[in-house]
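Engineer:
In our numbering, the protein residues as written are 125 to 726.
(1) Can you name, in chain order, every residue of its own chain whose Cβ lies under 8 Å from the Cβ of residue 330, other than the five neighbours on each side?
(2) Is it right to say residue 579 is buried, meaning 16 or more other beta carbons lie within 10 angstroms of its own, or is it exposed?
(3) Roughly how many angstroms separate the alpha carbons of residue 328 and residue 193, rounded to a whole number?
(4) Under the rule that 16 or more other beta-carbon atoms within 10 Å means buried, what is residue 641, buried or exposed?
(5) With respect to the alpha helix (DSSP H) encompassing residue 678, which residues constitute its N-terminal and C-terminal limits?
(6) Does DSSP put residue 253 in a helix, a strand or coil?
(7) How about residue 178 and residue 265: do their beta carbons lie closer than 8 Å?
(8) List the whole-angstrom C-beta distance separating residue 490 from residue 425, where the pair is believed to meet the contact cut-off of C-beta under 8 Å.
(9) I'd like to know whether the C-beta atoms of residue 627 and residue 657 end up nearer to each other than 8 Å.
(10) Who are the Cβ neighbours of residue 605 in its own chain at under 8 Å, not counting the five residues just before and after it?
(11) Examine the Cβ distances between the region 498 to 509 and the region 392 to 412 and report whether three or more of them are shorter than 8 Å.
(12) Could you have a look at residue 516 and say whether DSSP puts it in helix, strand or coil?
(13) Relative to the C-alpha of residue 563, which candidate in 530, 595 and 574 has its C-alpha closest?
(14) Please report the residue range of the beta strand (DSSP E) in which residue 193 lies.
(15) Near residue 89, which residues of its chain fall below 6 Å by C-beta distance, leaving aside the five closest residues on each side in sequence?
(16) Classify residue 563 as helix, strand or coil using the three-state DSSP reduction.
(17) Between residue 416 and residue 217, what straight-line distance do the alpha-carbon atoms span, to the nearest angstrom?
(18) State yes or no: is the beta carbon of residue 454 nearer than 8 Å to at least one beta carbon in chain D?
(19) Which ranges does the beta strand (DSSP E) cover as unbroken runs of at least 3 residues, wholly within the region 459 to 531, from first to last along the chain?
(20) Start and end of the beta strand (DSSP E) containing residue 420?
(21) Taking just the CA atoms, how far does residue 369 sit from residue 498?
(22) Just reading off the alpha helix (DSSP H) that residue 647 is part of, what are its end residues?
(23) Can we say the region 587 to 604 touches the region 471 to 482, given the rule of at least three CB pairs closer than 8 Å?
(24) Are three or more beta carbon pairs between the region 467 to 475 and the region 355 to 368 nearer than 8 Å?
(25) Can you tell me whether DSSP reads residue 229 as helix, strand or coil?
(26) For residue 583, which beta-bridge partners are listed by DSSP?
(27) Tell me, please, which residues DSSP counts as bridged to residue 388.
(28) According to the neighbour-count rule (16 or more other Cβ atoms, all chains shown, within 10 Å of its Cβ), is residue 541 buried or exposed?
(29) Report the option in 257, 211 and 324 whose CA atom is closest to the CA atom of residue 269.
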């Protein structure tokens with residue numbers, strides 16, 4: 125937790141610093157004392173966008189407890205200059221937690237921000253907790269004259285305030301409406317610029333929150349990765365060697381950033397596709413930040429979405445160099461640009477793979493590119509994922525059964541005693557905790573060890589620890605509901621048992637079937653008497669495939685399936701709070717029409 129804090133209002137954004145001067149940066153960051161004054165040039169800007177029809181923004185981490193007091197967007201035109209007349213059309217801005225829950229939203233009207241650098245409006249105060257991640261995004265009206273930048277933040281700093289760190293740009297593939305931009309692009313230190321937060325650091329305004337009471341485990345400190353042997357050979361290209369150079373690549377003297385060496389590549393034939401490559405020595409479970417400086421002349425191509433001169437880290441099977449196992453790809457540099465620093469986060473996703481860094485021009489592009497100052501450093505532990513396996517998802521049994529969780533990532537090689545501290549909270553009160561080992565990707569515990577838990581909702585705070593080194597490796601959360609009875613004997617009751625089998629009506633059931641849009645009478649006739657016993661309709665709220673909606677017609681179709689021996693895996697995705705583009709979490713008219721009644725009445 126932070127100590128005493130000065131009361132002041134601040135504005136945060138991954139800013140297009142073409143619109144900011146050094147004096148403005150100093151004023152915004154006054155009394156913050158960042159460790160280094162970032163550059164205020166805008167070399168990192170690769171393009172402008174206003175054609176995105178979905179919500180775009182970025183994922184970020186709050187470095188301390190923050191009180192959000194407003195939301196807005198930068199007031200920019202196509203050249204990145206401030207617009208004197210304000211926004212051209214409506215712009216929606218939202219703030220979400222990592223589970224997609226909308227915390228605040230605003231709609232900015234045409235003309236908002238007139239004469240100002242930022243168009244914004246206030247919101248009901250929202251508390252952001254230290255070390256927690258959130259999403260902020262905005263939705264432009266198509267064909268407006270308002271723009272977002274896709275900007276590198278090595279030259280436009282990764283934080284407009286030291287209180288917030290941008291993790292990566294993000295967007296949503298769901299349309300329409302303002303929806304959490306939870307599809308994270310693996311281009312850290314970049315962002316789709318536009319949405320901004322207005323917040324306060326006045327500690328007197330911060331309400332008590334259970335998650336704030338203890339942000340760390342007593343006696344433990346965050347794990348700090350060791351540097352290890354991850355250095356890049358000949359990273360500054362001051363001598364020959366260290367790299368496997370494809371046709372057209374060469375090391376040239378006197379053309380680097382400091383007047384020394386650089387790696388040069390020129391392509392005139394868009395059909396050629398080669399790399400400069402070097403094998404990397406990466407440790408499992410660690411995240412690495414990889415970077416390079418790039419200068420370009422005339423880098424162009426037919427695809428406007430291709431990134432230009434760039435870097436990538438690709439993975440191959442350790443036993444088969446041609447066995448491609450994925451990769452991470454940074455945003456690059458197009459056109460004619462001065463020295464621009466690009467970075468990304470990478471790491472081994474699985475065992476038995478090798479990593480290779482590649483410098484290159486994207487496929488189909490031509491032009492000249494210089495590369496210099498390649499860097500790599502460990503920056504943390506790979507994300508720790510926890511999920512419930514048994515007895516059921518988001519259920520906490522109170523009948524003596526154990527709970528089995530799956531654990532992926534988050535454990536460095538040198539940690540020999542990974543353990544999980546499980547803390548239970550109910551109705552805002554701490555109930556108890558238990559420390560259990562993490563073995564072979566599994567965590568097992570009995571809810572009875574968590575104290576006197578009552579029927580109802582329970583929040584589980586999970587902390588991955590190394591007791592021998594007193595290191596905190598990761599944090600996660602699960603929201604569960606207690607169940608006091610064993611499975612129902614109802615012939616329609618369905619659950620997954622300890623062996624991973626589907627149990628229906630107390631007997632093992634092997635679902636064999638297919639996906640579909642709905643269930644028509646003709647399809648049901650074909651299913652009857654076939655080897656199939658199950659169907660999963662994507663349009664579960666439209667089962668009748670007619671103009672009839674509501675629980676009655678849907679129940680009729682389900683009854684017909686039951687009578688014909690067909691089980692239905694019922695899809696509930698359409699009831700997601702934001703699925704229909706209603707960011708306030710309310711039910712849209714279409715949802716009400718589908719359900720045939722007010723869903724809030726149960």
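Idealized CB from N, CA, C, for every residue including glycine.
Structural biologist: Result, derived from the coordinates:
(1) The predicted position of residue 330 is uncertain, since its pLDDT is 37 and thus under 50; a value taken from the coordinates is nonetheless stated next. Cβ within range, chain order: 189, 191, 251 and 336.
(2) exposed
(3) Summary for residue 328: the model assigns pLDDT 35, below 50, so the residue's position carries little reliability, and this model does not support an answer.
(4) exposed
(5) 675 to 687
(6) For residue 253, the three-state secondary structure derived from DSSP is coil.
(7) no
(8) 7 Å
(9) no
(10) 518, 519, 520, 580, 581 and 582
(11) yes
(12) coil
(13) Comparing Cα-Cα distances from residue 563 to each of 530, 595 and 574, the minimum goes to 530.
(14) 190 to 198
(15) Any question about residue 89 goes unanswered here, given that the chain covers just 125 to 726.
(16) Three-state DSSP puts residue 563 in a strand.
(17) 33 Å
(18) As a matter of chain content, chain D is missing from the structure shown, which is built from one protein chain.
(19) 459 to 470, 477 to 485, 490 to 505, 509 to 514 and 519 to 521, all fully within the region 459 to 531.
(20) 410 to 424 is the extent of the beta strand (DSSP E) around residue 420.
(21) 15 Å
(22) 645 to 651
(23) Put simply, the region 587 to 604 does not touch the region 471 to 482. Fewer than three CB pairs are less than 8 Å apart.
(24) no
(25) strand
(26) Note: residue 583 sits in a beta bridge opposite 549 and 603.
(27) 374 and 494
(28) The residue in question, residue 541, is exposed, as its Cβ has fewer than 16 Cβ neighbours within 10 Å.
(29) 211
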